[in-house]
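The structure appears below as structure tokens.
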Amino acid sequence: MLRFETAGESHGECLVATLTGLPAGVPVSIASIDRELWRRQQGFGRGGRMKIETDHAHIVSGIRHSHTIGSPIAILIENKDWKNWTEALPVEDIDGAEDHKKPVTRPRPGHADLAGAIKYNFHDARYILERASARETTARVAIGALAKSFLVEFGIGVLSHVIAVGEAKLERPATWEELVALSQRDEVLLGCVDPEAEKRMKAVVDQAYKTGDTVGGVFEVVARGVPPGLGSHIAWDTRLDGRLAQAIVSMQAVKGVEVGYAAEGAAAFGSKVQDTIHYSREKHEFTRGANRAGGLEGGMTNGQDVLVRGMLKPISTLRRPLESVDLATRDSALAAYERSDIAVVPAAGVIGEAMVALVLASAMIEKFGGDSLAETKRNYQGYLEQVKNF
Ligand SMILES: Cc1cc2nc3c(=O)[nH]c(=O)nc-3n(C[C@H](O)[C@H](O)[C@H](O)COP(=O)(O)O)c2cc1C
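The numbering used here applies: residue 5 is where the sequence shown begins, and numbers increase by one.
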């Protein structure tokens with residue numbers, strides 16, 4: 005079992021991630037984790053915060069001589085902005101602390117502010133938004149990079165791209181080679197493989213900038229090289245489609261998830277939706293007429309690319325704030341404004357990759373076990389042999 009946890013607040017000292025259950029011997033490079041962290045910070049439409057931070061993974065345990073050693077891995081990522089918040093959010097109370105607080109008493113619609121303040125009994129939503137913030141996903145991306153390093157050892161790659169920003173859509177499928185090229189770019193606009201569609205997406209973000217508004221969109225995560233048989237049909241909580249859906253919807257601002265071409269399928273007849281089954285006698289293998297199921301049938305991977313999409317609502321904080329109520333006076337008031345992103349779909353794709361990688365790595369470890377990478381690989385090879393001779 006792979007277990008992971010994150011801690012840390014948006015303007016606290018650092019973010020922390022722990023990952024337990026990776027076998028010993030997985031090669032790890034800090035540069036490759038930092039590259040993923042950099043990718044998460046990119047995209048046209050990000051706010052001023054991303055200009056302050058240059059995220060770097062500081063590994064404090066579980067990795068020695070560039071390899072996992074089987075013990076829990078802990079990673080710290082510094083918040084450079086913390087230095088501006090040491091008096092507003094001190095760990096230990098200090099004299100006059102009240103004067104330095106930056107209270108949020110006008111909860112922002114679409115945020116955790118109001119529900120969290122009621123639930124935790126604070127009349128200031130500051131502590132709530134500090135943890136609800138998507139800054140937390142930095143920690144997920146760091147350990148997702150470790151899951152990716154593990155999956156690469158089995159020939160499994162996980163990438164993403166943006167398929168819609170507001171109403172501007174990519175109208176064609178992307179090839180794997182396009183996704184690889186996209187992931188290697190040193191400048192990220194909106195994470196779309198098609199320059200013409202990306203231009204239309206940029207126009208939508210430009211419009212949001214001009215009008216003080218925000219936009220959402222859709223990203224797609226693709227996992228290639230996944231063997232058939234991860235997950236299982238036998239119980240609700242062993243179905244991999246369900247586990248992937250939870251991982252994606254757990255992301256801040258993601259309100260919908262699609263496995264394969266779910267929405268299109270729901271609007272079509274069955275004869276047009278299911279992926280026909282064929283057999284190649286020369287290659288001794290089953291092939292499929294299409295991959296509308298997104299590589300998952302009956303809650304199990306079927307050997308085709310795993311396709312999962314996440315639908316992001318528009319960013320909740322608006323420069324032209326929406327109506328709210330002051331928690332102290334209960335009078336109508338405009339919602340608080342905190343420096344904010346306008347559009348984050350490419351970054352969400354990178355976070356989606358991390359979440360999918362963590363779920364797939366977990367399913368691989370459950371199925372093939374092993375305390376060392378060599379042992380996991382041996383078990384995996386045995387299974388591939390079984391599949392080949394089926
Ligand atoms: C990468 C990323 C960056 C985000 N940045 C912001 C932001 O700058 N301002 C904002 O209001 N919401 C931002 N969000 C969304 C909020 O974190 C999210 O809407 C909020 O925590 C409430 O959670 P919910 O939308 O899942 O209900 C971001 C989300 C992601 C995935």
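Backbone N, C-alpha and C define an ideal beta-carbon position, used for all residues, glycine too. Keep in mind it's a predicted model, so treat the numbers as computed, not measured.
Membership of His104 in any beta strand (DSSP E) is not indicated; the residue belongs instead to the alpha helix (DSSP H) covering 101-104. Distance between Asn383 and Thr179, taken at the CA atoms: about 31 Å. By the beta-carbon neighbour count (other beta carbons within 10 angstroms, threshold 16), Pro231 is buried. With a cut-off of 7 Å, the C-beta of Ala138 is classified as near ligand 1, since at least one heavy atom of the ligand falls inside that distance. Taking Glu9 as reference, the option from Leu326, Ala270, Asp190, Ala251 with the minimal CA-CA separation is Ala251. Residue state for Tyr131 is assigned as helix, using DSSP reduced to three classes. Distances taken from the Cβ of Gln256 to the heavy atoms of ligand 1 include one shorter than 7 Å.
Leaving aside the five residues that flank Gly307 on each side, the residues in its chain whose CB is nearer than 6 Å to its CB run, in chain order, Pro232. The C-beta distance from Asp38 to His62 rounds to 10 Å, too long to fall under 8 Å, and the pair is not in contact. Under the DSSP definition of a beta bridge, Thr24 partners with Arg7.
Relative to the non-hydrogen atoms of ligand 1, the Cβ of Ile355 comes within a distance shorter than 7 Å of at least one. Not one heavy atom of ligand 1 lies closer than 7 Å to the C-beta of Asp330. Shown here, Glu171 sits in coil according to DSSP, grouped into three states, outside any helix or strand. The continuous alpha helix (DSSP H) containing Val184 extends over residues 180-187. Secondary structure note for Lys276: its alpha helix (DSSP H) is the uninterrupted segment 274-277. Annotation: the region 230-302 contains the following complete segments of the beta strand (DSSP E) (minimum length 3 residues), in chain order: 258-263, 281-284, 289-292. Here the alpha carbons of Gly159 and Glu327 stand approximately 51 Å from one another.
With a cut-off of 7 Å, the C-beta of Asp217 is classified as distant from ligand 1, since no heavy atom of the ligand falls inside that distance. Scanning Arg112, Thr142, Leu19 for the CA closest to the CA of Met359 turns up Thr142. In the structure shown, Pro107 falls within a coil segment according to DSSP collapsed to helix, strand and coil. By alpha-carbon distance to Gln211, the top candidate from Gly114, Arg243, Gly170, Gln256 is Gly170. In this structure, Ala351 sits near Arg44, with a CB-CB distance shorter than 8 Å. In this structure, ligand 1 has no non-hydrogen atom nearer than 7 Å to the beta-carbon of Asp85.
Closest in C-alpha terms to Ser376, from the list Trp86, Gly274, Phe154, comes Phe154. About 4 Å separates the Cβ atoms of Glu91 and His104, confirming a contact at the 8 Å cut-off. Assignment of beta-bridge partners to Leu93 by DSSP yields no partner.
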